[in-house]
Amino acid sequence: MIKLKVEGMTCNHCVMAVKKALAKVGGVEEVVEVSLERGEALVRGQADPAQLVAAIEEEGYRAQPLG
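Read in order, the letters of the sequence shown are residues 33 to 99 in the working numbering.
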């Protein structure tokens, strides 16, 4: 599992945008959760965390790997 801190999400539309962006990254098997309340995303797979961060940032949010 890859856990990311996501900043800038303010609504459920933001959550869906982040989910869709993450799902398009190569190596992602499943977007397990994107939490508006915690400002976190949890992804299953072998994706490069830098590519996940880039995908989120392309949508206009800030992100960084956790753990």
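Where is the CB? At the ideal position from N, CA and C, for every residue including glycine. The structure displayed is predicted, hence computed values, not measured ones.
7 Å CB neighbourhood of residue i in its chain, flanking five on each side removed
| i | result |
| --- | --- |
| methionine 41 | Val47, Val50, Leu68, Gly71 and Tyr93 |
Assigned exposure category for residue i - 16 Cβ within 10 Å defines buried
| i | result |
| --- | --- |
| alanine 82 | exposed |
Through-space distance from residue j to residue i, alpha-carbon basis
| i | j | result |
| --- | --- | --- |
| cysteine 43 | valine 66 | 11 Å |
| arginine 76 | isoleucine 34 | 6 Å |
| leucine 74 | glutamate 61 | 11 Å |
| alanine 95 | leucine 36 | 7 Å |
| glutamine 78 | glutamate 89 | 19 Å |
Which of helix, strand or coil DSSP assigns to residue i
| i | result |
| --- | --- |
| glutamate 61 | strand |
| lysine 52 | helix |
| alanine 79 | coil |
| leucine 68 | coil |
Cβ shell of residue i (< 8 Å), same chain only, five flanking positions each side left out
| i | result |
| --- | --- |
| glutamate 39 | Gly71, Tyr93, Arg94 and Ala95 |
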